Every structure is written in structure tokens, then in C-alpha cells.
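Some notes on the structure that comes next.
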Amino acid sequence: MSSLKFFTSFLLLSVLSSASVSQSVLESKSFENSGLKNNLSTPDFLPYDEAYKLSVSVDEKYLTFNWDIEPGYYLYKSKINVFAEDPNTQINNLFFQKGEFKFDEFFEEDMEVFYTSSMLKASFDSTDNKIYVKLLSQGCADMGLCYPPQENWVSIDKTTNTAQIYSNRPDFFTNSDYRIEGSESSENISVIAALVGAFLGGLILNLMPCVFPVLSIKALSFAQNHKTNRDTRIHALIYTLGVVFSFLIIAALMLSLRAAGESIGWGFQLQSSQFLILLAYLFFFLGLSFLGIVEIGTKLMSLGQNSEANSSIQSSFLTGVLAVTIASPCTAPFMGPALGFAVYQSNAVALLIFVFLGIGMAFPFLLLVLSPNIRNILPKPGKWMDEFKQFLAFPMFFTVVWLLWVIGRQTNITVMSVVIVGLILISMSVWSKKILDRRHLNKNSSIKNLAPISLLVLAIILPFWNQTEDQDALLWESFDQARLEDLRSQGNPIFVNITADWCITCLANEKVAFTEKFYSQIKKNNITYLKGDWTNQDAVLTKLLNKHRRNGVPLYLMYPKSGGDPEVLPQILLEGILLKAIDRAVY
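So this is what it looks like as C-alpha cells:
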């Protein structure tokens, strides 16, 4: 198996498998990003349900949620939300009591919070006497602890105006007896309507911009291959099996996570930046394939050049997997209501709906197999097919740009830039493979594929290795001259870092010298860390640079606790240089 073929298969499996772990990765990262550096088991902090005592009441128009908040704790207004958990209930408007504004060091903005108590009234409409809702909230303590986002499930009985609160999702929240209209016949009609909607949604999914280029190449391969009807049927059915299998995998993951209490739906995997990175690589690789730069695309997109070869059967199955993978960012008409209905049904009904979604997506190819007259309508092969295939590469690249934008929004510009570097490494891998092939090296030589495979592996691991938040995010303050003078007058030790996003030396220093040991020493010795950003013109920072005889960044200053002039540190830093400067500043 060539390295490029290996990469395609590996990438497909990576994209699918990343969906299964994406939710847990996202939650752990969310926990870390919320400033959760403290141990929740410490006796200094109360458990969440003791710090924020929740009660719920109901009347004809409103659900009312009340929190009794312990002293020293507060709730974020923006982190509170209510969602209906049954299809017959709709949450309309949320009405909060007025809170107070507090500057949040993590979010770096003024946020409205609630001390002592909080009340939320949610207007609702429901045709049932039993109402099921999910409540989200998040709070922090003044002493520095922020809890992870919390989930509560509430069962409300309108006939008695009583409510039951659960900290874990009850089993009956996934009750298969939910009905849209409330009668046995209407439930059967709803299931049939959902199956029809799923089939139509899968059918229309073929026309989505992210799917159409790949599937059009697949369809046109009929015109290139003159196989027997038996061969064609086998490959079309194997392709259909790949599509349905992939949809069932996604459905099983989604239903499992929902049963575990997660509020997810179609496209949940796109909430994972890891999945998006692999998807961007896949679309980029497909674009190269369409342009003819990567020659592996021929077998992958065809129905099989050799019906007797196992690889041909595998390629048909993998094409089905590929089609579903690249369709994951898309939602076609009719899909939304059908899949929304599916998550409230039993697992068997839900999986059946996803099967119909897969059959709908594969139906055009099945139709071509069952109707030779339709297949004869396809245009005859010619040079235009190669040109059309090359043209379809550009929608792939546009999709990559969109995915990069989403990755940047989910993470930061650093991760997005590293992904772009990964795309360049993929291009280098393809280029080096072609160069080595032209050198006519021994086909069995491991050296021949060492460079291309190494570049591919580096392209994949590099973004994940760099997907970390700045360790100093909670330790530094934005540079302010008045703040600097105030700290100096108090005799506090100060570390000043003047940097810029375009400064390669600055970034290298922060990777090499700004280690965990450096941050622990900063915190241990109560050194105030001021960070100035000279990415754009700043007169105050320019004046500071000139004062210390520097005409550019980086500039590192260590002010001693006894007062006096700062020590100007070298522009090339190592951990040892910083630690010794800290010792001189505090002793």
C-alpha cells in the first residue's frame, strides 16, 4: 500500500474515530479554560448544590427558578439557560432579576453576576401536563474557584404545580412514549413522516456544496466503466452499505452521549476542533486529488476498476464512508425535523431513521443501477471529465478556508495558523513522494517513503500538540504606565514583558523560557507580571522602549522589590536567565 493511500485510509478512520472522543475532550478543555485550577474536594469550597441551592415552581405561564446563594459565591447571568427536553414544550422568553457587574479576569470583561440570590422566570407553552426541561448554570467563588458548567434536569407536573430536580439525567427523559399529537395513530404517522423526511434529507444531501463534488465524480465513473450489471450492482450496494454503516456509527455515538446526559444533536462532532482539523486535512487532500496532484483518487472515486480485486470492493465501501464524513458539516432540508424527532424515540426507531437517511443519500446510485436507461443518459467520457474534475477541486479548497475560520473561532489564531502549516506539510509530503518516485528508487526501500510519511505524521500531530491555552493567562495584567508607577511606589517586584504577535523571537522565548517553573516562581514571590502588546502602534510602549534604548521588541524588565531601576534582560531568554533574575529581584 502506498504512503498516500495509507494516509487517506488513516485520515478517514481518524476523522470518524475523533467524533467518539470529541465530546470528552471538549468538556475537559472547557473545565480547564474556566480557570479550574483548584481541587473541588478541598474543604475550603462548598459543593455546587450547597453553594447554590435551587428550587423550582410553576404556574400557568411561567417556570420560576430560584437560587439561594451562599456568601462569597456568585452566578453568571450569561451562563444560565433553559431548554425543553420534550417535543411538546417550548421555552419562550427568559426574565432575570437585575444583577451587578463584576470584572471577570478570565473572560477579561465586565459580566453581570448574582450574589446572595437569583431568580429566573421562563415563559413556556406546553400541551402536556408533564414538562421536562434542562437547566444550565455556572458559578464562581470570590476566593478564586470557578465551577464547571452545571446541568440540572427538572420534571414538572402542571396538575399539582410541583417540580422534581435531578442532578443526573433521569431515564424517563428519553421516554419513547413522547407523542407529537398525543394519539396512537398520530404517533405512527409521525414515525412514517420522520422516515420520509430522513429519506428526502439524505437525497438532497447529495446536492450540498461539500458533498456534490465527490459524488459527482463517483456518478461520472459509470460512464468510464463498462462493467456487467452484476458488477455494477455489487459495487453500488457496497457503497450503500458504507453510507448506511457510517450514519449508524454517528447515530450510535449521538444516542449514547445523549443517554449519558449530553445535549447534542446532528453535527455534534463539529464542536470539536480536533475533528475539524482532520476534516480540513481531508478536504484539502481531496482537492489535491481532483487536481491530479494526488493520483490515489481514481480508485477511491470509481465503482472499482477490477471487480475481482478486494481493493475495488474496499474502495466502494470507503467512498460511502467518505461521502458521509464530508457531509457531516451539512444539514439538508427535511433532515432537521426528522433527526429532531429521532432523538426522542426508542433507540430502534432512531437508528431506523438514520438508516433511511443513509438510503436516501445512496439512492441516486441505486437508481442508476436499477435503471440502465438512466445510466445511458450520462454524458460520454472525454477530456471534459478531467477538466470538470479539476474544477471541482476549488469547492474543496473553499471548504477548507471555511473550516479554518471555524477552527480559529473555536480555538485561537495560533491553532489556526498551525493547521495552515499542517496543510503546507501535506503539500510537501505529496511533492517529496513525487520526487522520490521519479528517482526510480527501489519500491521496497523504506527510505523512499520515510520523508513523505514523516511529513504527514508531523502535519497531523502538530496542531494537537499546540492546542493549549497560554499558561500565563491568569497571571499577567495588561501593561499600564499608571499601574506600573503605583506598584513601584509600593515596593513590589514587577516583571514587564513587551511583545508583539509578529515577533518570532518573542514567541520563541515564551515557548522556551516561560516554563511552569517560571510561572510558579512568579506566583510564589508575589511578582506582578505586566504584559504590553506592541503588535499595533502604541505611543506609551514606544516611549518605554526608547527609554531603555531599544528600538523594537522584545523588551524584558525585572523591577526589584526594594525599588530602583529595573534590570534589562537579554532579548534571547532561557529559563535559567529568568529564574536568576527573579532571585536578584526578591532578595
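Numbered according to mature numbering (1 follows the signal peptide of the UniProt record, and there is no 0), the sequence shown spans residues -19 to -1, 1 to 568.
We treat Cβ as the ideally placed atom computed from N, Cα and C, and that holds for glycine.
The model shown is predicted, which means the values in this text are computed figures rather than measured ones.
Whole-angstrom distance between Met342 and Pro314, CA atom to CA atom: So the two alpha carbons sit approximately 13 Å from each other.
Segment contact, 8 Å Cβ cut-off, at least three pairs: the segment 505 to 523 with the segment 460 to 480: Yes, they touch.
Considering only residues of the same chain and omitting the five flanking positions on each side of Phe499, which have a CB-CB separation below 7 Å? Cβ within range, chain order: Glu556, Leu559, Leu560.
With H, G and I counted as helix, E and B as strand and the rest as coil, what does DSSP make of Ile112? In this structure, Ile112 counts as strand in the three-state DSSP scheme.
Close beta carbons around Gln462, own chain, < 6 Å, minus the five adjacent residues each side: Beyond the five residues adjoining it in sequence on each side, Gln462 comes within less than 6 Å, by CB distance, of Val521 in the same chain, given in chain order.
Can you check whether the CB of Phe105 is closer than 9 Å to the CB of Lys58? No Cβ-Cβ contact shorter than 9 Å links Lys58 with Phe105.
Report the partner residues of Trp134 according to the DSSP bridge assignment. Looking at the DSSP assignment, Trp134 forms a beta bridge with Lys115, Tyr147.
Is DSSP giving Ala494 helix, strand or coil here? Three-state DSSP puts Ala494 in coil, outside helix and strand.
Expressed to the nearest angstrom, what Euclidean distance is found between the alpha-carbon atoms of Val177 and Val305? Spanning the two alpha carbons is a distance of roughly 19 Å.
Using a 10 Å radius around the Cβ and a threshold of 16 neighbouring Cβ atoms, would you call Leu303 buried or exposed? Within a 10 Å sphere around the beta-carbon of Leu303 sit 16 or more other beta-carbons, which makes this residue buried.
Find out if the Cβ-Cβ distance for the pair Ala217, Phe335 is shorter than 9 Å. The Cβ-Cβ distance between Ala217 and Phe335 does not fall below 9 Å.
CA-CA distance, Leu439 and Ala432? Taking the Cα positions, Leu439 is about 11 Å away from Ala432.
How big is the Cα-Cα spacing for Gln295 and Tyr220? In this model, Gln295 and Tyr220 are separated by some 9 Å (Cα to Cα).
Paired residues, beta bridge with Met100 - DSSP: Met100 pairs with Asn47.
Taking the DSSP output, what are the residues bridged to residue 569? The first residue shown for the chain is -19 and the last is 568, placing residue 569 beyond what the model contains.
Would you tell me roughly how many angstroms separate the C-alpha atoms of Gln250 and Leu333, rounded to the nearest one? Rounded to whole angstroms, the separation of the alpha carbons of Leu333 and Gln250 is 21 Å.
Cut-off 6 Å between Cβ atoms - residues of its own chain near Asn47, not counting five sequence neighbours on either side: Excluding positions up to five away in sequence, the list reads Ser36, Met100.
Compare the Cα-Cα distances from Ser352 to each of Leu465, Thr509, Tyr96, Arg211 and report the closest residue. Each of Leu465, Thr509, Tyr96, Arg211 was checked against the Cα of Ser352, and the nearest Cα belongs to Arg211.
What separation, rounded to the nearest whole angstrom, lies between the Cα atoms of Gln71 and Ile394? For Gln71 and Ile394, the distance between alpha carbons rounds to 38 Å.
Residue span of the alpha helix (DSSP H) that contains Ala261, given as start and end: Annotation: the continuous alpha helix (DSSP H) that includes Ala261 extends over 254 to 271.
Could you say if the segment 131 to 143 and the segment 109 to 122 meet the contact criterion of at least three C-beta pairs nearer than 8 Å? Contact between the segment 131 to 143 and the segment 109 to 122 is present, with at least three C-beta pairs closer than 8 Å.
Using the Cβ count rule (16 or more neighbours within 10 Å means buried), how would you classify Arg565? By the Cβ neighbour-count rule, Arg565 is exposed, with fewer than 16 other Cβ atoms within 10 Å of its own.
Distance check for Ile146 and Phe76, CA to CA, integer angstroms please. Each residue's alpha carbon lies about 20 Å from the other.
Just curious, the beta strand (DSSP E) that Phe82 is in, first and last residue? Run containing Phe82: 81 to 85, per the beta strand (DSSP E) assignment.
Alpha-carbon to alpha-carbon, Gln371 and Leu536: In a straight line, the C-alpha of Leu536 is about 50 Å away from that of Gln371.
Test item: CB-CB of Asp109 and Asn69 under 9 Å: Yes; because the gap between Cβ atoms is below 9 Å, this pair is in contact.
Would Pro190 be called buried (16 or more neighbouring beta carbons within 10 Å of its own) or exposed? Exposed is the call here.
Quick check on the DSSP output: the alpha helix (DSSP H) that includes Asn328 runs from which residue to which? Per DSSP, Asn328 belongs to the alpha helix (DSSP H) from 328 to 351.
What are the start and end residues of the beta strand (DSSP E) that includes Glu458? According to the DSSP assignment, Glu458 belongs to the beta strand (DSSP E) that extends over 457 to 459.
Which stretch, first to last residue, makes up the alpha helix (DSSP H) that contains Met539? Element bounds for Met539: not the alpha helix (DSSP H) but the beta strand (DSSP E), 536 to 540.
What are the boundary residues of the beta strand (DSSP E) that Ala481 is part of? It is not in any beta strand (DSSP E) - Ala481 carries neither H nor E in the DSSP assignment.
Does the Cβ-Cβ distance between Pro444 and Val400 come in under 9 Å? Going by C-beta atoms, Pro444 is nearer than 9 Å to Val400.
Indicate the three-state DSSP secondary structure (helix, strand or coil) for Cys191 in the structure shown. In this structure, DSSP gives Cys191 a state outside helix and strand, which the three-state scheme calls coil.
Which residue from Leu417, Gln255, Met316, Ser413 puts its Cα closest to that of Gln391? Gln255 is the residue among Leu417, Gln255, Met316, Ser413 whose C-alpha sits nearest the C-alpha of Gln391.
How long is the line joining the alpha carbons of residue 603 and Phe264, rounded to whole angstroms? With the chain represented from -19 up to 568, any question about residue 603 goes unanswered, as that position is not in the structure.
Can the beta-carbon of Met409 be found less than 9 Å from the beta-carbon of Phe271? Contact flag unset, no.
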